[in-house]
Amino acid sequence: MAEDRNQNQIIRKDARNCFVESLCDAFEIGRIHLAFATYDLSKPAGQRQTNNIHIYIAVDEFLELCRKITCGELRYMLQNKKKSGDKSPLYQCLGGTSAEKLAKQGRSRKDGKSLSRTAQLLCGSKSDFLFVADSGPGQTDAKGLIVPRFGNKPENHVAISMTFEVFSELMLLTKAHFEAWLSAWYMQKIHSGKQEQNQQQANFQYQESGYGVEYASDPIF
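Every position in the sequence shown, counted from 1, becomes a number in this note's numbering once 35 is added.
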């Protein structure tokens, strides 16, 4: 399992007794997978991990965050919030697993609630950012969103101090890997499509220009 996780790892950023890593194992479902963890080196090997939270960000949301990094908008937002003392998140992701889905998986919580997982990008006091992940009890609202119900006492909590540059490295290298994966996905689709056409002698004719191949719609996500 550890070997599989390392093979899926794109980049890892460490802080004091904690880290966040991005993984490539959720690209095909349209998600960016970030794993947050804390550890205690004084504990025996195999028992050192103290918190572990998995965050799945929708690709379109992730790419918009990357746009804000590259165009300077995020730095501008950061500076304004620090000047005004605004404590609200620069970015927030609400996710988790519903109580119904947990029950189907045989992983129901003792309180019967949904599992809420949140990620927030906050202004830091000693560095530019605090990248924070929390998990705990949640409730599914009318729109199907899982709303946190743990207040200021999450069951798992990871807060990673980051400079603007370190956060940019985490996001932009992950973006580069997603774009490479997406290009490979399209190439594989085109290649497999050509093979299928050759094998089945698909019923289409080339126009005089040499074009006219009909491609079936096959959504990626």
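Just so it is clear, CB atoms sit at the ideal spot from N, CA and C, and this is done for glycine as well. No experiment lies behind these values; they were computed from the predicted model shown.
By the DSSP assignment, the beta strand (DSSP E) with C53 in it spans what residues?
Your numbering for residue 53 matches position 18 in the sequence shown. 53–58 is the span of the beta strand (DSSP E), which, as asked, contains C53.
Could you give the first and the last residue of the continuous alpha helix (DSSP H) run that contains S119?
Within the sequence shown, residue 119 is the residue found at index 84, counting from 1. Annotation for S119: the continuous alpha helix (DSSP H) segment containing it runs 108–119.
Could you give the C-beta distance for S149 and S133, rounded to a whole number, given that I count them as a contact under 8 Å?
Working through the sequence shown from its first residue, we reach residue 149 at position 114. Working through the sequence shown from its first residue, we reach residue 133 at position 98. At roughly 5 Å, the Cβ-Cβ gap stays under 8 Å, so S149 and S133 are in contact.
Any chance you could list the beta strand (DSSP E) runs of at least 3 consecutive residues sitting entirely within the stretch 81–168, in chain order?
DSSP assignment within the stretch 81–168 yields the following whole beta strand (DSSP E) runs of 3 residues or more, N-terminal first: 84–93, 126–132, 149–158.
Look at the alpha carbon of H89 and the alpha carbon of H68, and state the distance between them as a whole number of angstroms.
Reading the sequence shown from its first residue, position 54 is the one you call residue 89. Reading the sequence shown from its first residue, position 33 is the one you call residue 68. Roughly 7 Å between the two C-alpha positions.
Going straight from the alpha carbon of C128 to that of P189, what length do you get?
What you label residue 128 is simply residue 93 of the sequence shown in a count that begins at 1. What you label residue 189 is simply residue 154 of the sequence shown in a count that begins at 1. When rounded, the distance between both Cα atoms is 15 Å.
If you draw a straight line from the alpha carbon of G171 to that of N187, how long is it in whole angstroms?
Position 136 of the sequence shown, counted from the first residue, corresponds to residue 171. Position 152 of the sequence shown, counted from the first residue, corresponds to residue 187. One C-alpha to the other measures close to 10 Å.
Counting beta carbon pairs with one atom in the stretch 135–142 and one in the stretch 50–63, are three or more of them shorter than 8 Å?
Contact fails between the stretch 50–63 and the stretch 135–142, because fewer than three Cβ pairs, one in each stretch, are under 8 Å apart.
Nearest CA to the CA of S119: which residue from R66, T175, C158?
As a first step, residue 119 is located in the sequence shown; it is residue number 84 there, counting from the start. Comparing Cα-Cα distances from S119 to each of R66, T175, C158, the minimum goes to C158.
Supposed contact pair Y126 and L100 - C-beta distance, whole angstroms, cut 8 Å
In the sequence shown, the residue the question calls residue 100 occupies position 65. In the sequence shown, the residue the question calls residue 126 occupies position 91. Their Cβ separation, rounded to whole angstroms, is 6 Å, which keeps L100 and Y126 in contact under 8 Å.
N52 to G81 span [Cα, whole Å]
The count along the sequence shown starts at 1 and reaches residue 52 at position 17. The count along the sequence shown starts at 1 and reaches residue 81 at position 46. Near 15 Å, if we compare the C-alpha coordinates of G81 and N52.
Assuming K117 contacts L109 (C-beta within less than 8 Å), just tell me the rounded distance between them.
For the purposes of this step, residue 117 is taken as the residue at position 82 of the sequence shown. For the purposes of this step, residue 109 is taken as the residue at position 74 of the sequence shown. Not a contact, Cβ separation roughly 13 Å.
Please report the Cβ distance between G131 and I181, rounded to the nearest whole angstrom; I am assuming they are in contact, meaning their Cβ atoms lie under 8 Å.
Against the sequence shown, residue 131 aligns to sequence position 96. Against the sequence shown, residue 181 aligns to sequence position 146. About 4 Å separates the two Cβ atoms, so the contact holds.
Local conformation of L69 per DSSP, three classes:
Numbered from its first residue, the sequence shown carries residue 69 at position 34. Strand.
With a threshold of 6 Å on Cβ separation, who are the neighbours of A154 within its own chain once the five nearest residues in sequence on each side are excluded?
To locate residue 154, count along the sequence shown from 1; it is residue 119. Correct list, in chain order: I90, C128, A168.
Tell me which residues share the same chain as T209 and place their Cβ nearer than 7 Å to its Cβ, disregarding the 5 neighbours each side in the sequence.
Sequence index remark: in the sequence shown, residue 209 carries index 174 (1-based). Around T209: I45, I46, S57, I67.
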